[in-house]
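Asker: The opening residue of the sequence shown carries number 8 in this note's numbering; numbering runs sequentially from there. Glycine included, C-beta positions come from ideal geometry on N, C-alpha and C. Here it is, the structure in full.
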Amino acid sequence: MEPKQSEGEESGSVEFSEKGEENSNRSSSESGSRHSMESGKMKVVVALDQSEGSFDALKWALRYLFSGPSGKSVAGSILLVHVQEPFHTYVYPVGPAAYVTSPVMQSVKKAQQMNAELLFAKARHLCNHKQVEVDTVVLEGDPKEMICQAAEEHRAGLLVVGSRGLSNIKRVFLGSVSDYCAHHARCPIVIVKPHTL
């Protein structure tokens, strides 16, 4: 079951997608053990990058999963996942290939690490107001694949990702992390559209 936003709907909505087809072949005990349940509460994985959309996703999770209408949380903890694109050690100028020196690579790695720390600090600040248990992980690779892999490896009960609101044409050429996750994640997923909050 994958309810999607139709063309005429407002852009400030949330998409819900659960992979019913994949789960229908599993037994109920296998399906139940897939998702991390901590004293009856699920682990929520939130994909985080520099975009405002990813922080909208985190704010949505904090608002709706960690302080419901009754004041009770439905989730136990948040895992923040940040994926960095791999840094290639070679470049192709006009002539023969040139390799990046070790100091340059160390500088780039240090900048990536500092960037991740800043993102996590900002996210932790938001989570501290709700007194939410937060874990963080930095991965390297294709963000689309690594987010889905992290959700599966950490036995997420729910994956929350932001949407950048790409047009249909840009989505075809650039791809969409949220679209990929909606079709490949093995747990329920919430895609938070821009300006939802």
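Using DSSP's beta-bridge definition, name the partner residues of Val-90.
Answerer: Leu-146
Asker: Among residues of its own chain, excluding the 5 on either side of Cys-155, which ones have a beta-carbon nearer than 7 Å to its beta-carbon?
Answerer: Cβ neighbours of Cys-155 within its own chain (closer than 7 Å, five residues either side excluded): Cys-188, His-191, Ala-192.
Asker: If you check the beta carbons only, do Ser-84 and Val-167 fall under 9 Å apart?
Answerer: no
Asker: Is the region 126–138 in contact with the region 62–70, if contact means three or more CB pairs nearer than 8 Å?
Answerer: yes
Asker: Lys-50: which of Ser-58, Asp-56, Val-88, Gln-113 sits nearest, CA to CA?
Answerer: Val-88
Asker: Mind reading off the beta-carbon distance from Gly-169 to Ser-74? Whole number of angstroms is fine, and I expect it under 8 Å.
Answerer: The Cβ separation is near 20 Å, so there is no contact.
Asker: Report buried or exposed for Pro-110, applying the criterion of at least 16 other Cβ atoms within 10 angstroms of its Cβ.
Answerer: Its Cβ having fewer than 16 others within 10 Å, Pro-110 is exposed.
Asker: Counting C-beta neighbours from all protein chains within 10 Å, is the total for Pro-93 16 or more, i.e. buried, or is it exposed?
Answerer: exposed
Asker: Taking its Cβ as the centre, do 16 or more other Cβ atoms sit within 10 Å of Val-53, making it buried, or is it exposed?
Answerer: buried
Asker: Report the rounded CA-to-CA distance for Ala-118 versus Pro-150, giving the unit in angstroms.
Answerer: Near 18 Å, if we compare the C-alpha coordinates of Pro-150 and Ala-118.
Asker: Among the residues of its own chain, which have a CB less than 6 Å from the CB of Val-115, if the five just before and after it don't count?
Answerer: Phe-94
Asker: Going along the chain, which residues of its own chain have a beta-carbon closer than 6 Å to the beta-carbon of Asp-142, five neighbours each way excluded?
Answerer: Leu-86
Asker: What does a CB cutoff of less than 6 Å around Val-199 pick up in its chain, not counting 5 residues either side in sequence?
Answerer: Hits under 6 Å: Val-21, Asp-63, Ala-64, Trp-67, Gly-169.
Asker: Can you give me the Cβ contacts of Val-90 inside the same chain, cut-off strictly under 6 Å, excluding the 5 residues immediately before and after it?
Answerer: Leu-146, Pro-150, Met-153
Asker: Using only the alpha-carbon positions, how far apart do His-161 and Gly-148 sit?
Answerer: 17 Å
Asker: Report yes if the CB atom of Val-144 is closer than 9 Å to the CB atom of Ala-157, and no otherwise.
Answerer: yes
Asker: DSSP beta-bridge partners for Leu-165?
Answerer: Per the DSSP secondary-structure output, Leu-165 pairs in a beta bridge with Val-51.
Asker: Which runs of the beta strand (DSSP E) at least 3 residues long sit entirely within the region 115–160? Give them in chain order.
Answerer: 140–147
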